[in-house]
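Following the numbering used here, the numbering of the sequence shown begins with 2 at its first residue and continues without gaps.
Reviewing the structure listed below.
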Amino acid sequence: MGGPLKGITVIDTSRSTAGWRMTQLFADYGADVLWIEPPGGDPGRAEHAIEHAVFNRGKQSVELDLDEASDRDVLHRLLASADLFVETGRPGEADARGFGWADVHKAAPRLVYCSISGFGIDGLWRDIPGHEALVHALVGTTGEQGGMRPAPIFQGLPFASIGAAYLGAVGALAAVYRRNIDGRGRRVETSLLDGALAYLMMLWGDSDKGPTAHVPGTFRLVARTFLCSDGEYLGVHTGAVGAFDRLMQVLGLEEQFAVDPSQTGMGTMLTDAQAALMQDGFPKIFEERPRAEWMRQLRAADVCAVEVLRPGQVFDEPQVRHNEMVVEIDDPVLGPLEQVAPPAKFSVTPARPTHAAPRVGEHQPVVDTQTPARELPEVEPEVEPGVEPGEDVPLLDGVRVLDLGAFYAGPYTSRLLADLGADVVKLEPTAGDPLRGLSLVFRSAQAGKRAIAADLKDPELAAAREQLLRWADVVQHNMRPGAAERLGVGYDDARSLRSDVVYLYAPGWGSTGPDSGRQSFAPKMSGYVGASFEVAGRFNPPLFPVGNEDPGNGLVGAVATLMALVCRQRTGQGQYIENSQLNATMAHVAHIVRRPGGEALGAERLDPMQLGFSAFERLYQTSDSWLCLVANSEAELQGLADAVPGLFEAPATRGREDRIEHDDLLTIRLENAFATESTDEWVARLDAAGVPAVVPKVERNALAFLRDPEQQRLGRVAHVRHASDGIVREIDQLIRVTGAGRAPHRVAPELGEHTDAILREVGYSTDQIESLRERGAIR
């Protein structure tokens with residue numbers, strides 16, 4: 002049927018991979034995306050040829066010189082009939098060129114306008130160029146990512162751009178959803194900084210009670226990668242109930258680690274002797290056998306075990322092919338390529354990309370023929386109960402979500418929807434979500450929700466289950482296949498009670514297929530798709546990526562849910578969506594493609610010392626510290642040549658091919674130059690020359706960032722009082738919207754905090770509630 006976004010028109014002036022990624026989501030799922038390039042084409046086509054081939058597929062390309070009044074008039078004519086406009090310029094650039102928010106909104110009041118910058122349109126960092134490496138250096142990924150040497154570590158996975166693309170899509174879709182109700186266009190704004198925080202927030206939190214971080218290797222959880230006797234790597238995770246004890250049986254260590262009778266003690270601390278055995282003894286045991294043998298034993302014991310693969314190898318895996326996660330596109334520049342397919346699968350409005358990225362100006366007749374503007378259908382603003390005319394409400398005010406998920410990936414989807422005003426009810430078993438044992442991580446995924454704890458197997462709760470399914474616009478969960486159906490909350494159950502329900506299922510591997518029964522925990526799936534090798538640098542053993550699959554899966558889920566809600570507004574139909582963790586994690590490495598013969602392109606860019614991608618996108622040591630440098634435009638390269646005399650002396654020149662050929666020589670010249678003076682001196686000199694350079698974080702930056710008054714003022718950080726922990730500090734909303742109310746930040750609910758209130762809402766009396774509580778059916 003053309004995808005859930007059929008009928009949506011997007012005008013895209015993106016000059017960054019974050020913008021490309023965002024509008025690729027729209028194109029992949031059926032929107033008409035018109036990409037406006039400068040005369041001669043976007044310079045990024047050459048610098049990022051592989052990314053261009055993937056993230057601009059399915060779009061149309063036209064050339065416009067937006068510095069010329071006549072071409073700006075063409076742009077405004079196109080915007081008058083579009084649903085969404087996307088720009089990625091530096092703050093103020095679009096305004097100065099005549100297509101800023103104020104000008105566009107005046108001419109096209111129903112258009113949704115989305116801006117993605119490097120650091121946001123406000124704040125102390127707003128004017129720093131929006132390069133991925135600079136964002137990671139300033140926000141603190143360089144002090145967070147594990148490495149083969151001490152920090153700072155250059156980030157090999159572009160999760161700031163990935164996160165910004167998803168946040169932009171979430172905000173834009175939510176704004177389109179609200180526009181379809183009240184007829185008002187709005188500006189949505191986010192940044193690469195926000196995109197990085199969308200991933201970092203999983204482990205960023207603080208309170209007056211003290212640090213809540215859980216030090217790996219000190220409690221009853223194994224989440225490590227092990228080298229096996231055949232030289233292959235295996236990821237193991239014991240997050241499932243009882244999995245730690247089952248692993249000890251496989252390893253023959255039952256006597257050293259007594260069985261936990263509760264089977265829920267993931268957060269239980271180890272003794273010093275146990276911790277030492279886990280740290281030093283476990284790797285030696287795994288080195289005794291080949292990976293395939295360990296896989297057979299661990300899967301038989303129902304312990305999560307996942308192969309760590311090299312970049313590109315995942316394309317050949319049976320479950321990947323079963324999930325239809327490889328799409329073959331004949332690119333006009335690079336030739337036939339295997340690319341990562343769109344991750345979320347829609348039952349009613351399926352979509353699959355077939356068209357390659359366009360050539361420069363390939364669709365110029367779209368604008369040269371002066372086609373009349375499309376007439377947007379008139380929207381009769383709905384009268385919303387309790388909302389006064391003209392009152393600003395959150396974008397998702399009135400959207401109701403029933404979250405039946407656990408751990409992080411699934412629930413993070415509804416956390417993002419709650420941030421935009423959705424009413425989210427988290428329904429968990431009376432024992433609670435297993436992630437509650439790790440309070441910092443749990444709070445990140447559950448902020449802004451209401452919570453009910455109930456045993457859905459109890460027959461007296463059948464009415465509550467049915468009423469909640471009728472109540473919900475969206476039902477979501479990430480249980481293993483078949484579990485929801487056994488509890489009476491499967492898709493067919495929900496659809497029988499509400500035919501237009503949007504039902505999001507986020508399994509680990511897929512609902513069907515050869516691996517559908519396998520367990521999935523972060524960051525093991527990152528290892529499976531090759532991301533663990535990407536962040537480690539060439540020739541190094543795999544490392545955990547900071548930007549892992551749990552937030553990524555949640556972000557994809559939020560995008561897909563909003564696509565389905567927008568589609569429902571047009572068609573009246575709900576639908577089933579499948580967003581497996583495997584699929585979402587493959588999207589993290591979508592910049593890696595394969596040629597038909599199996600050659601992977603775009604992989605292993607990070608050098609063995611984890612210092613950078615090239616001489617001009619790299620960490621450098623100075624006489625007293627470090628700096629992070631990014632220079633890729635001709636102006637920046639000239640500024641660098643002025644700041645470092647002799648840099649481009651023969652045989653190296655500034656031409657792109659020469660820079661690639663002589664990268665090692667240029668790196669050595671820069672290393673020698675930067676080692677002569679302090680970081681402050683070099684940053685000042687480079688800044689004066691117009692060369693982007695910043696001081697990278699070496700230590701973990703979470704506590705400082707969460708206490709930064711500037712970030713609190715900007716709304717990225719919330720300080721909220723908690724009954725037992727005093728002031729809780731955590732990441733707040735990462736999307737800013739004009740003309741919309743902002744949902745207040747609420748700390749994640751306690752177990753069963755709203756059980757009584759929710760049961761009353763669905764018709765239970767006080768006596769019924771007390772009876773359920775007395776026999777342990779609710780908490």
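Cβ coordinates follow ideal geometry from the N, Cα and C atoms, glycine included.
In this chain, the beta strand (DSSP E) harbouring S192 covers 188-192. Excluding sequence positions up to five before and after E429, its CB lies within less than 6 Å of the CB of A454, all in the same chain and listed in chain order. Shown here, V328 sits in a strand according to DSSP, grouped into three states.
In the three-state reduction of the DSSP assignment, I578 falls in the strand class, which pools E and B. Distances from the CA of G573 to each of T623, A448, A54, S500 were compared; the closest alpha carbon is that of S500. DSSP places D768 within a helical segment (H, G or I) once states are collapsed to three. Excluding sequence positions up to five before and after L641, its CB lies within less than 6 Å of the CB of A632, V692, all in the same chain and listed in chain order. The DSSP-derived three-state label of E618 is strand. When A276, A241, V242 are compared, the shortest CA-CA separation from F258 is found for A276. 9 Å or more divides the Cβ of F160 from the Cβ of V223.
Residue state for M202 is assigned as helix, using DSSP reduced to three classes.
Counting only runs of at least 4 residues, the segment 453-501 fully encloses the following alpha helix (DSSP H) elements, listed from N- to C-terminal order: 463-472, 484-488, 492-498. Here D434 has A407 as same chain residues with Cβ atoms under 6 Å from its own Cβ, once five neighbours each way along the sequence are excluded. In the DSSP secondary-structure assignment, H592 is not bridged to any residue. Secondary structure of R297 (DSSP, three-state): helix. Within 10 angstroms of the beta-carbon of R322 lie fewer than 16 other beta-carbons, which makes it exposed. In the DSSP annotation of this structure, V140 is not part of any beta strand (DSSP E); the continuous alpha helix (DSSP H) holding it starts and ends at 133-140.
Looking only at G555, P597, L201, E255, the smallest Cα-Cα distance to V328 is reached by P597. Rounded to whole angstroms, the separation of the alpha carbons of L79 and V368 is 8 Å. The criterion of a C-beta distance shorter than 9 Å is not satisfied by D681 and V699.
If the five residues before and after D474 are omitted, its C-beta is found closer than 6 Å to the C-beta atoms of V400, R401, all from its own chain and listed in chain order. Annotation: the segment 504-575 contains the following complete segments of the alpha helix (DSSP H) (minimum length 4 residues), in chain order: 525-530, 532-537, 550-572. Within 10 angstroms of the beta-carbon of F649 lie 16 or more other beta-carbons, which makes it buried. CA-CA distance, R730 to L544, rounds to 29 Å. Between Q582 and E618, the C-beta spacing is not below 9 Å. Relative to the Cα of E711, the nearest Cα in the group T14, G121, A306 belongs to G121. Burial check for L125: the Cβ neighbour count within 10 Å stays below 16, so the residue is exposed. With three or more CB-CB distances shorter than 8 Å, the segment 419-426 counts as touching the segment 437-452. Annotation: G603 to I163 spans about 16 Å, alpha carbon to alpha carbon. Around the beta carbon of I732, a 10 Å sphere encloses 16 or more other beta carbons of the protein chains shown; the residue is thus reported as buried. G336: member of the beta strand (DSSP E) spanning 336-341, first to last residue. Residue range 102-108 is occupied by the alpha helix (DSSP H) that includes A108, with no beta strand (DSSP E) assigned at that position. Using a C-beta cut-off of 8 Å, the segment 665-685 makes contact with the segment 609-624, since at least three inter-stretch Cβ pairs fall below that distance. Using a Cβ distance threshold of 9 Å, S118 and E38 do not count as a contacting pair.
Per DSSP, H746 is not a residue of any beta strand (DSSP E), being assigned neither H nor E. Listed in chain order, the non-local C-beta contacts of M202 below 6 Å within the same chain comprise S445, I732, local neighbours out to five positions each way being set aside.
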